[in-house]
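Worksheet for the structure shown next.
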Ligand SMILES: CC(C)(COP(=O)(O)OP(=O)(O)OC[C@H]1O[C@@H](n2cnc3c(N)ncnc32)[C@H](O)[C@@H]1OP(=O)(O)O)[C@@H](O)C(=O)NCCC(=O)NCCS
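Residue numbers (my numbering): 293 to 452.
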């Protein structure tokens, strides 16, 4: 069990941290995303997503998985942080900040560490030192849904 700082001057105690997807129950990880809530993420998909990520981070309390996150990184230029979630019973205690801080530490040395926030969660990341990216753009598999929830903006295009 480690004592970890959340980056905001608090210490988060009583949690066990692990860093290998092989040590995690994928059904439990899928359940964590469902209840956080961060959507439906099937176990097989999570095995691929976490298995292909250079840095992964998991937090247990009394044997139960209560926090997770990952960074997809190329080792030099860019690390992308995603899949950060904390179980509702453990939210608001600094654990999400501690997971973020640990992933940023693991990704240190990359020229840029990037992420996108759920609409409304920007302040959470700003408090951890992230600045807004003024020209960030993306291609989503379901752009209509992403536009609908405020993640993407089609901008003002001639003919729209
Ligand atoms: C977002 C999440 C990971 C934060 O984890 P957490 O353990 O609750 O976070 P912390 O306790 O470290 O919160 C740190 C601060 O950020 C704030 N914060 C947490 N979630 C926030 C959000 N969605 N928007 C704005 N601020 C938020 C908290 O109020 C807290 O402020 P405080 O110290 O003044 O009370 C967690 O709430 C979660 O899993 N939410 C559901 C999934 C989700 O929305 N993820 C966002 C992905 S972009």
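We put the beta carbon where it would ideally sit given N, CA and C, even for glycine.
Predicted, not measured: the structure shown is a model, and the values here were computed from it.
Spatially closest choice to residue 408 from 388, 372, 400, by CA coordinates: If we check each option's Cα against that of residue 408, 372 comes out closest.
Exposure of residue 333, with buried meaning 16 or more beta-carbon neighbours within 10 Å: Of the other Cβ atoms in all chains shown, 16 or more fall within 10 Å of the Cβ of residue 333; this residue is therefore buried.
Minimum C-alpha distance to residue 402 - residue among 392, 369, 317: If we check each option's Cα against that of residue 402, 369 comes out closest.
CB contact below 7 Å: residue 326 versus chain D: Note that chain D does not occur in the displayed structure, where there is just one protein chain.
Per DSSP, the bridge partner or partners of residue 362: For residue 362, which the question treats as bridged, DSSP gives the partners 348, 374.
Cβ neighbour criterion (16 or more within 10 Å) applied to residue 451: In this prediction, residue 451 has a pLDDT of 48, which is less than 50 and means its spatial position is unreliable; what the coordinates show is noted afterwards. With fewer than 16 other Cβ atoms within 10 Å, it is exposed.
Residue environment, residue 358, which counts as buried when at least 16 other CB atoms sit within 10 Å: Around the Cβ of residue 358, a 10 Å sphere holds 16 or more other Cβ atoms; the residue is buried.
DSSP three-state assignment for residue 451, whether helix, strand or coil: In this predicted model, residue 451 has a pLDDT of only 48, less than 50, meaning its place in the structure is not dependable; the value taken from the coordinates is given anyway. Shown here, residue 451 sits in coil according to DSSP, grouped into three states, outside any helix or strand.
For residue 405, the three-state DSSP class (helix, strand or coil): Looking at residue 405 - three-state DSSP - the assignment turns out to be strand.
Buried or exposed (CB count within 10 angstroms, at least 16 for buried), residue 311: Under the 10 Å beta carbon count, residue 311 is surrounded by fewer than 16 other beta carbons and is classified as exposed.
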